[in-house]
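Participant: Following this message is one structure expressed as structure tokens.
Protein chains: 2
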Amino acid sequence: MIDTQFFNFAFSVDCVIFGFDQDALKILLIRRGQKPFDGDWALPGNLVFPNEDLDFSATRVLEELTGMKKVFLEQVQTFGKVDRHPLGRVITTAYFALVKVSDFSLIPSSLASEAAWVPIRDLDHLAFDHFEILRTCYELLKKSIRVRPVGFELLPPEFTLTDLQLLYESILETSLDKRNFRKKILAMNLLVDVKAMKRGFAHRPAKLYRFDEDKYKAFRAEGFVFEI
Amino acid sequence: MIDTQFFNFAFSVDCVIFGFDQDALKILLIRRGQKPFDGDWALPGNLVFPNEDLDFSATRVLEELTGMKKVFLEQVQTFGKVDRHPLGRVITTAYFALVKVSDFSLIPSSLASEAAWVPIRDLDHLAFDHFEILRTCYELLKKSIRVRPVGFELLPPEFTLTDLQLLYESILETSLDKRNFRKKILAMNLLVDVKAMKRGFAHRPAKLYRFDEDKYKAFRAEGFVFEI
DNA sequence: TGGCTAAGTGTTAATTTTACACTAATTAAT
DNA sequence: ATTAATTAGTGTAAAATTAACACTTAGCCA
Chain A
2 MIDTQFFNFA FSVDCVIFGF DQDALKILLI RRGQKPFDGD WALPGNLVFP
52 NEDLDFSATR VLEELTGMKK VFLEQVQTFG KVDRHPLGRV ITTAYFALVK
102 VSDFSLIPSS LASEAAWVPI RDLDHLAFDH FEILRTCYEL LKKSIRVRPV
152 GFELLPPEFT LTDLQLLYES ILETSLDKRN FRKKILAMNL LVDVKAMKRG
202 FAHRPAKLYR FDEDKYKAFR AEGFVFEI
Chain B
2 MIDTQFFNFA FSVDCVIFGF DQDALKILLI RRGQKPFDGD WALPGNLVFP
52 NEDLDFSATR VLEELTGMKK VFLEQVQTFG KVDRHPLGRV ITTAYFALVK
102 VSDFSLIPSS LASEAAWVPI RDLDHLAFDH FEILRTCYEL LKKSIRVRPV
152 GFELLPPEFT LTDLQLLYES ILETSLDKRN FRKKILAMNL LVDVKAMKRG
202 FAHRPAKLYR FDEDKYKAFR AEGFVFEI
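These protein sequence lines are chains A and B, in that order. What the first sequence shows, in my numbering, is residues 2 to 229, in sequence order. What the second sequence shows, in my numbering, is residues 2 to 229, in sequence order.
Following this line, the structure appears as structure tokens:
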């Protein structure tokens, strides 16, 4: 798939696609089926077409891999060491995406090779400089989740406060006080009580909430700053 | 200087070089001497050589223009719209630099055209998409200055607390309480009293301080977070 | 020596953050 | 039907931080 005609200079995009599943933060990786780095996990990515905006190219990677169009996707950083790609000069721009693991299925046909959700804790290396890219994106996620309401992108539309707290705890790799966390979140007035319960467990059922995007936009216009 | 052989795909870097002079935040711009955008101000930038790391390329722009090697320089974002450059497909990575205006002089020979410090408030357009790049970098500067001790990069090595406060006020475009500002800064223990005064004005002289980089590094290693 | 100018300085009230432990609601097992 | 197990849900008080606010000091100049 890599066309040598690109190789004097080529642009690519690579996506760190975060998902939260079974209390663990995971990223969507593809297993390389050829050299170099044959057999290693790599970030999904592609070369940028000459007639394609950089941002669009990242959208395309994501859509081809997951079938999803409307996901949170943001540029992170560009990696441009001369020798970062063994086959030639390729500068790559990293994007990070936040998806709800629940509401999509991988499109297997789109890739020659295996794709899978891998817990971030299990990883210690990736193909190319992708591990460094991952670290950069993870750092950004940690910062972002504290000052922007991006965590909700990783949860199903309706969630409990415990779900939300677990998400924060696993991303920030820390534990939070339950009462203080709830107070803080609820005081922001960004969650709407959907008047339903998460039931079916051998314990007290939990209220479900939904994040109110519109309210957030309105508040933000007035200078409100989200912060956990 | 622009070589058509680059033009199918080319990389460039553009630098937003901030300086603080006479109570105003300025950026270093060059006047274009040819089409397109002939006569407009533009960000200093250049094409990336095939054998040159992206980051190094930004360093090179800065050094060629200012003669300075050791300045604060950090990658910001990459701009990759298909039509952003009228002459072909050029993806550019923006960097922002913080320099002490006092301790350097422009190298006029390095450029065919004029270079100058322009107050940021005076600008409403630039060549190419450079005004958008400027806005992005300025936003980042505003964020950065509040949570990282980068403001000192813009001041001479020795400065008064009033100097520092004026810097913050002009970057953040707000006014700050003098006593609270001083308390906060001094409480961080990052400034050392150089036991000298800024004299020669028709008023009480002011103490001079110096930022202690090493102390900051040590504190940060212990989890200290800079915040104004 | 008096006037001008910016430097320097503390206290109090308000707000925010932290620490902390029991009761409530449901399911599963007996 | 009762009990055990499990997580949901809740309030208060102390501590820390932030915000508001005005006068005295030191040097220059006329």
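Even for Gly, the Cβ is constructed at its ideal location relative to N, Cα and C.
Return no unless some Cβ of chain A is closer than 8 Å to the Cβ of Gln35 of chain B.
Facilitator: Looking up residue 35 of chain B in the second sequence gives position 34. Gln35 of chain B does not count as touching chain A.
Participant: For the alpha helix (DSSP H) that contains Asp215 of chain A, what are its first and last residues?
Facilitator: On the first sequence, position 214 is the one that residue 215 of chain A refers to. 214-222 is the extent of the alpha helix (DSSP H) around Asp215 of chain A.
Participant: Exposed or buried, which one is Thr5 of chain A when buried takes at least 16 other CB atoms within 10 Å?
Facilitator: Working through the first sequence from its first residue, we reach residue 5 of chain A at position 4. Confidence in Thr5 of chain A is poor, its pLDDT being 39 and thus under 50, which makes the residue's placement unreliable; the coordinate value appears in the next sentence. Looking at its Cβ environment, which holds fewer than 16 other Cβ atoms inside 10 Å, Thr5 of chain A is exposed.
Participant: Please tell me whether, using a cut-off of 7 Å, the distance from the CB of Val72 of chain A to the nearest non-hydrogen atom of the ligand NAP is below it.
Facilitator: The ligand NAP is not part of the structure shown, which contains no ligands of any sort.
Participant: Let me make sure I understand the geometry here. Which of A:Phe21, A:Val195, A:Ala222, A:Arg90 has the alpha-carbon closest to that of Val102 of chain A?
Facilitator: Locating residue 102 of chain A in the first sequence gives position 101, where the first residue counts as 1. Measuring from the Cα of Val102 of chain A, the nearest candidate turns out to be A:Phe21.
Participant: List, in order along the chain, the chain B residues whose C-beta lies closer than 7 Å to that of Arg90 of chain A?
Facilitator: As a working note, residue 90 of chain A is residue 89 in the first sequence. Ordered by position in chain B, the residues that pass the 7 Å Cβ test against Arg90 of chain A are Pro51.
Participant: Using a Cβ cut-off of 7 Å, pull out every chain B residue sitting near Thr79 of chain A, in sequence order please.
Facilitator: Looking up residue 79 of chain A in the first sequence gives position 78. The contacting residues are Leu55, Gln76, Thr79, Thr94.
Participant: Could you give the distance in angstroms between the alpha-carbon of Phe105 of chain B and the alpha-carbon of Ala128 of chain B?
Facilitator: Counting from 1 along the second sequence, the entry for residue 105 of chain B is found at position 104. Counting from 1 along the second sequence, the entry for residue 128 of chain B is found at position 127. Near 25 Å, if we compare the C-alpha coordinates of Ala128 of chain B and Phe105 of chain B.
Participant: Taking the continuous alpha helix (DSSP H) assigned at Ser13 of chain B, which residues delimit it?
Facilitator: Along the second sequence, read from residue 1 onward, the residue named residue 13 of chain B stands at position 12. Where Ser13 of chain B is concerned, there is no enclosing alpha helix (DSSP H), although the beta strand (DSSP E) it sits in stretches over 11-22.
Participant: How close, in whole Å, do the beta carbons of Leu155 of chain A and Phe19 of chain A come, if the pair is a contact with beta carbons under 8 Å?
Facilitator: For the purposes of this step, residue 155 of chain A is taken as the residue at position 154 of the first sequence. For the purposes of this step, residue 19 of chain A is taken as the residue at position 18 of the first sequence. About 7 Å; that satisfies the 8 Å criterion.
Participant: Taking Cβ positions only, does Val100 of chain B come closer than 8 Å to chain A?
Facilitator: Here residue 100 of chain B corresponds to residue number 99 of the second sequence, with the count starting at 1. Chain A, which has no Cβ nearer than 8 Å to the Cβ of Val100 of chain B, makes this no.
Participant: What separation, rounded to the nearest whole angstrom, lies between the Cα atoms of Ser176 of chain A and Gln166 of chain A?
Facilitator: By 1-based counting over the first sequence, the position of residue 176 of chain A is 175. By 1-based counting over the first sequence, the position of residue 166 of chain A is 165. Spanning the two alpha carbons is a distance of roughly 9 Å.
Participant: Which class does Asp104 of chain B belong to by DSSP, given the choice of helix, strand or coil?
Facilitator: Locating residue 104 of chain B in the second sequence gives position 103, counting from the first residue. DSSP places Asp104 of chain B in helix when its eight states are reduced to three.
Participant: Confirm, please, whether the CB-CB distance from Thr79 of chain B to Gln76 of chain A is below 8 Å.
Facilitator: Reading the first sequence from its first residue, position 75 is the one you call residue 76 of chain A. Reading the second sequence from its first residue, position 78 is the one you call residue 79 of chain B. Cβ atoms of Gln76 of chain A and Thr79 of chain B: closer than 8 Å.
Participant: Do you know whose CA, among B:Phe225, B:Leu66, B:Arg200, lies nearest Arg149 of chain B's CA?
Facilitator: Working through the second sequence from its first residue, we reach residue 149 of chain B at position 148. Comparing Cα positions, the closest option is B:Phe225.
Participant: Whose C-beta lies closer than 7 Å to the C-beta of Arg147 of chain B among residues of the same chain, with five residues either side of it excluded?
Facilitator: Here residue 147 of chain B refers to the residue found at position 146 of the second sequence. Glu228, Ile229.
Participant: Does the beta-carbon of Leu99 of chain A have 16 or more other beta-carbons within 10 angstroms, so that it is buried, or is it exposed?
Facilitator: Taking the first residue of the first sequence as position 1, residue 99 of chain A is located at position 98. By the 10 Å Cβ count, Leu99 of chain A comes out buried.
Participant: Kindly indicate if chain A contains any beta-carbon less than 8 Å away from that of Lys143 of chain B.
Facilitator: Taking the first residue of the second sequence as 1, we reach residue 143 of chain B at position 142. Not closer than 8 Å to any Cβ of chain A, the Cβ of Lys143 of chain B fails to qualify, so no.
Participant: At a CB-CB cut-off below 8 Å, which residues of chain A make contact with Ala11 of chain B?
Facilitator: In the second sequence, the residue the question calls residue 11 of chain B occupies position 10. The contacting residues are Phe10.
Participant: Nearest to Leu74 of chain B by CA position, among B:Thr161, B:Ala117, B:Val91, B:Glu64, is which residue?
Facilitator: Position 73 of the second sequence, counted from the start, is the residue given in the question as residue 74 of chain B. Measuring from the Cα of Leu74 of chain B, the nearest candidate turns out to be B:Glu64.
Participant: Can you give me the start and stop residues for the beta strand (DSSP E) that Lys184 of chain A sits inside?
Facilitator: The count along the first sequence starts at 1 and reaches residue 184 of chain A at position 183. Run containing Lys184 of chain A: none in the beta strand (DSSP E); it sits in the alpha helix (DSSP H), 179-188.
Participant: Compute the Euclidean distance between the alpha carbons of Pro37 of chain A and Pro87 of chain A, then round it to the nearest angstrom.
Facilitator: As a position in the first sequence, residue 37 of chain A is number 36, starting the count at 1. As a position in the first sequence, residue 87 of chain A is number 86, starting the count at 1. Their backbone Cα atoms lie some 8 Å apart in a straight line.
Participant: With a threshold of 8 Å on Cβ separation, who are the neighbours of Val14 of chain A within its own chain once the five nearest residues in sequence on each side are excluded?
Facilitator: One-based indexing of the first sequence puts residue 14 of chain A at position 13. Counting only Cβ-Cβ distances below 8 Å, and skipping sequence neighbours, we find Gly46, Asn47, Val49, Leu55, Ser58, Ala59, Val62, Thr93, Thr94, Ala95, Tyr96.
Participant: Apart from the five residues on each side of it in sequence, which residues of its chain come closer than 7 Å, Cβ to Cβ, to Arg200 of chain A?
Facilitator: The residue you call residue 200 of chain A lines up with position 199 of the first sequence. Here the set comprises Pro206.
Participant: For the candidate residues A:Leu162, A:Leu191, A:Ala203, whose alpha-carbon lies nearest to that of Lys216 of chain A?
Facilitator: As a first step, residue 216 of chain A must be located in the first sequence, where it is residue number 215. If we check each option's Cα against that of Lys216 of chain A, A:Leu191 comes out closest.
Participant: Please identify the residue among B:Glu223, B:His126, B:Val193 whose C-alpha is closest to the C-alpha of Tyr210 of chain B.
Facilitator: Here residue 210 of chain B corresponds to residue number 209 of the second sequence, with the count starting at 1. The shortest Cα separation from Tyr210 of chain B among B:Glu223, B:His126, B:Val193 belongs to B:Val193.
Participant: Is there a Cβ from chain B that is less than 8 Å from the Cβ of Val193 of chain A?
Facilitator: Start at 1 with the first residue of the first sequence, and residue 193 of chain A comes out as number 192. By this cut-off, Val193 of chain A is not an interface position.
Participant: Going along chain B in order, which residues have a C-beta closer than 9 Å to the C-beta of Lys216 of chain A?
Facilitator: Within the first sequence, numbered from 1, the residue matching residue 216 of chain A stands at position 215. The contacting residues do not exist; Lys216 of chain A stays about 24 Å from chain B at best.
Participant: What are the complete beta strand (DSSP E) segments, minimum 3 residues, inside the region 125-202 of chain A?
Facilitator: Those beta strand (DSSP E) runs which fall completely within the region 125-202 of chain A and span 3+ residues are 192-199.
Participant: Using a cut-off of 7 Å between C-beta atoms, extract the partners of Val226 of chain B located in chain A.
Facilitator: Your numbering for residue 226 of chain B matches position 225 in the second sequence. Per Cβ cutoff of 7 Å: no residues; Val226 of chain B is ~12 Å from chain A at best.
Participant: Determine the contact status of Trp42 of chain B and Val119 of chain B, defining contact as a CB-CB distance below 8 Å.
Facilitator: For the purposes of this step, residue 42 of chain B is taken as the residue at position 41 of the second sequence. For the purposes of this step, residue 119 of chain B is taken as the residue at position 118 of the second sequence. Contact: yes.
Participant: Would you mind stating whether Arg180 of chain B and Leu162 of chain B have Cβ atoms separated by less than 8 Å?
Facilitator: In the second sequence, the residue the question calls residue 180 of chain B occupies position 179. In the second sequence, the residue the question calls residue 162 of chain B occupies position 161. The answer is no: Cβ separation not under 8 Å.
Participant: Whole angstroms are fine: how far does the CA of His126 of chain B sit from the CA of Phe12 of chain A?
Facilitator: For the purposes of this step, residue 12 of chain A is taken as residue 11 along the first sequence, with counting starting at 1. For the purposes of this step, residue 126 of chain B is taken as residue 125 along the second sequence, with counting starting at 1. Distance between the alpha carbons of Phe12 of chain A and His126 of chain B: 28 Å.
Participant: Please report the straight-line C-alpha distance between Ile134 of chain A and Arg85 of chain B, rounded to a whole angstrom.
Facilitator: Here residue 134 of chain A refers to the residue found at position 133 of the first sequence. Here residue 85 of chain B refers to the residue found at position 84 of the second sequence. Roughly 26 Å between the two C-alpha positions.
Participant: What span of residues does the beta strand (DSSP E) with Glu65 of chain A cover, start to end?
Facilitator: The count along the first sequence starts at 1 and reaches residue 65 of chain A at position 64. Where Glu65 of chain A is concerned, there is no enclosing beta strand (DSSP E), although the alpha helix (DSSP H) it sits in stretches over 55-67.
Participant: Counting only beta-carbon atoms, is Lys82 of chain B nearer than 8 Å to chain A?
Facilitator: If you number the second sequence from 1, residue 82 of chain B lands on position 81. Answer yes: the Cβ-Cβ gap between Lys82 of chain B and chain A drops below 8 Å somewhere.
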